[in-house]
Each structure stands twice: as C-alpha cells, then as structure tokens.
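Each remark here refers to the structure printed beneath this line.
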Amino acid sequence: MPPEAALRPWPASLDLSGRVAVVTGASRGIGRAIAVVLAERGATLVVNYAKGEAAAREVCAAIEQAGGKAVALGFDVGDDSAVDAAIKHVVETLGGLDILVNNAGVSIDALMMRARAEDFDTLIRTNLRGTFLCSKAATRHLLRAKNRGRIINLTSVVGEQGNAGQSMYAATKAGVIGLTKSLARELASRGVTVNAVAPGFIDTDMTQAALTGDARSALLTQIPLGRVGDASEVAEAVAFLASPAASYITGHVLRVNGGLLI
Ligand code: NAP
Numbered sequence: 000m001p002p003e004a005a006l007r008p009w010p011a012s013l014d015l016s017g018r019v020a021v022v023t024g025a026s027r028g029i030g031r032a033i034a035v036v037l038a039e040r041g042a043t044l045v046v047n048y049a050k051g052e053a054a055a056r057e058v059c060a061a062i063e064q065a066g067g068k069a070v071a072l073g074f075d076v077g078d079d080s081a082v083d084a085a086i087k088h089v090v091e092t093l094g095g096l097d098i099l100v101n102n103a104g105v106s107i108d109a110l111m112m113r114a115r116a117e118d119f120d121t122l123i124r125t126n127l128r129g130t131f132l133c134s135k136a137a138t139r140h141l142l143r144a145k146n147r148g149r150i151i152n153l154t155s156v157v158g159e160q161g162n163a164g165q166s167m168y169a170a171t172k173a174g175v176i177g178l179t180k181s182l183a184r185e186l187a188s189r190g191v192t193v194n195a196v197a198p199g200f201i202d203t204d205m206t207q208a209a210l211t212g213d214a215r216s217a218l219l220t221q222i223p224l225g226r227v228g229d230a231s232e233v234a235e236a237v238a239f240l241a242s243p244a245a246s247y248i249t250g251h252v253l254r255v256n257g258g259l260l261i
C-alpha cells in the first residue's frame, strides 16, 4: 500500500487510486458531484461537458484545489465521431480508461397528447444513444482494465415505475436499464461490471420546475424520507459501484430515492 493510501480516511476497498474515470455531463448537477467524489477517492477525472466549458473548468479547479487530478473535455455524447475521438484522446493522454459514468442527460416533459416527435428524438439521442455510444467506445479499453473496469449508467426512478407526463423521458431511462443488464452479461467474463444508479428526485437544474411551490409539497408527501435528495448522495452510490468493494455486483439497478420506489 502506498504511504498516502494509509492516510486516507476510507478503506482500501473504496480506494480508486490509479484509475482513470470519465464522467459525462460533469459540468454541473449530479455529474459534477460524481466527479468530485471519484477524485476524492483517488481517480484521475475527465470532466465532460456539452455547453458548459467554464463550469467544467471550475469543476476541475475545485478538484485540483482539493489535491485531485482532473481535465475538462467537451464533446456531445450523441455524436459518434466526437465520442470516439474523445475516448481515444483520453486513453492516449492518460494511459487508459477504467471507469465510465454515463451521466449526461436531458429531460423534456409532456403529456402524450402534446408530446412532439422531435423532443422524443432529442431525449433518445442524449440519454440512450449517448449511453450506448460512450459504452461502445470505452468497452475495449475497459476490457484491458480487467477487474478494475466499470460502467455506471444513470437511469431514473421513472425508468422503473413510469410517471404521467414523462413517457418520453421514462422510455429512455428504461432503455438504459436494458442496456445495463445486457452489457453486464456481455462483459462479466472479463471482470468488468456494468451497473445503473436510479435516482429519485434530486435537487439540480433538471428538477427545478418540479421542485418548487405546491408541486414540491405534493412530491414530498410521496417520499418516505420526507425530503428531496442531494447530488452528493447519488455520487456516493456511484463511487461505491466504481470501487473494489462492489467487485461482485453487476447488472444491478441501485435506487437512490429516499424510498419513493421500494
Ligand atoms: P442537469 O443538472 O440538467 O445536468 C445535465 C448535465 O448533462 C450537464 O452537465 C450537461 O452539460 C450534460 N449534457 C446534456 N446534454 C449533453 C450532451 N449531449 N453531451 C454531453 N453532456 C451533456 O442534470 P442532473 O439532474 O444532474 O442529471 C444527471 C443525470 O441524472 C441525468 O442522466 C438525469 O436523467 C439523471 N437523473 C436525474 C434526476 C434528478 O432528480 N435530478 C433523477 C433521476 C435521474 P452542459 O451543461 O455542459 O451542457
């Protein structure tokens, strides 16, 4: 064990030293929190963004100020050539890839009578195609990482139980679960695990409309723990699945929802 590991306030089973991790959509919200926690545990972070370059650089600065290592990398997860080039660049510059967190996501809500096909395409492109493209580009490198290789996909409580007004978004998140379980079976023989984390309602930009005024009060009555979640609580679940402690868990959907769905 390196001397600095002995000083860390967590056990070796949660240590991510020496790993390279890509977190998509890490410029804000849950992705930002995931990047910060993985870096705290010792991983070198690639902080992906789409439009928020300044925010992503700020995330990297915060990680570096805390003693971690991070680089910002802009690419659109729905663009196959951009994804391929980005993963190639990561492997060439950082020496490999051990952990992929498919977090980038968008949400557009509409009742079916008002739903628009172009919005459905937008959701599929980022949430499902993005998860597919990044996983596809990363897989050969994760196989080289062997037992350290991890994919963690962000799904949602609504991907499991549905929600009125969220048919389009829920379809993408249910798709992520199917992809997770199939890829888990495909990569298991090589020691690479593939899991999903399903948050309930977490306080981020994405949920601002749903988490204000009367809507917030109504929602809180549905959550047994009586509050919305914090992005850091999702990040802890992701960090666990990324760690050696979770080496025998694959194809799992870990709910982080305050009891909203049990
Ligand atoms: P958020 O605050 O809206 O942040 C979304 C992130 O995704 C941003 O960093 C954004 O980057 C990035 N992004 C969007 N489109 C992208 C693209 N095409 N390529 C690369 N990055 C892209 O969302 P969040 O609440 O943190 O959600 C994170 C994930 O958790 C999503 O998959 C979401 O569906 C899931 N989730 C969230 C909740 C919740 O309650 N918040 C619940 C269940 C599941 P830029 O800012 O740089 O454009």
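Quick note on numbering: numbering that gives the first Met the number 0 labels position 19 of the sequence shown as 18, and the sequence is numbered without any gaps.
In this text, a Cβ means the ideal position worked out from N, Cα and C, and glycines have one as well.
From a predicted model like this one, the values you see are computed outputs, not experimental measurements.
Scanning the segment 178-246 for uninterrupted alpha helix (DSSP H) segments of 4 residues or longer gives 212-219, 230-241, listed from N- to C-terminal end. A Cβ-Cβ distance of about 5 Å is found for the pair Val-252 and Ala-197, placing them in contact under the 8 Å criterion. Nearest to Ala-54 by alpha-carbon distance, out of Gly-66, Arg-40, Gly-67, Ala-34, is Ala-34. About 5 Å separates the CB atoms of Cys-133 and Asn-101; that is less than 8 Å, so the two are in contact. Just so you know, the alpha carbons of Thr-179 and Asn-162 end up roughly 21 Å apart. Secondary structure at Leu-99: strand, using DSSP grouped into helix, strand and coil. Straight across, the Cα-Cα distance linking Ala-209 with Val-233 is about 19 Å. According to the DSSP assignment, Thr-43 belongs to the beta strand (DSSP E) that extends over 43-48. Look at Val-105 here: in three-state DSSP terms it is coil, with no helix or strand label.
If you draw a straight line from the Cα of Thr-43 to the Cα of Met-111, it is about 43 Å long. Under the criterion of beta carbons closer than 8 Å, Arg-18 and Ile-107 do not qualify as touching, at roughly 34 Å.
Arg-128 carries a helical assignment under DSSP once its states are collapsed to helix, strand and coil.
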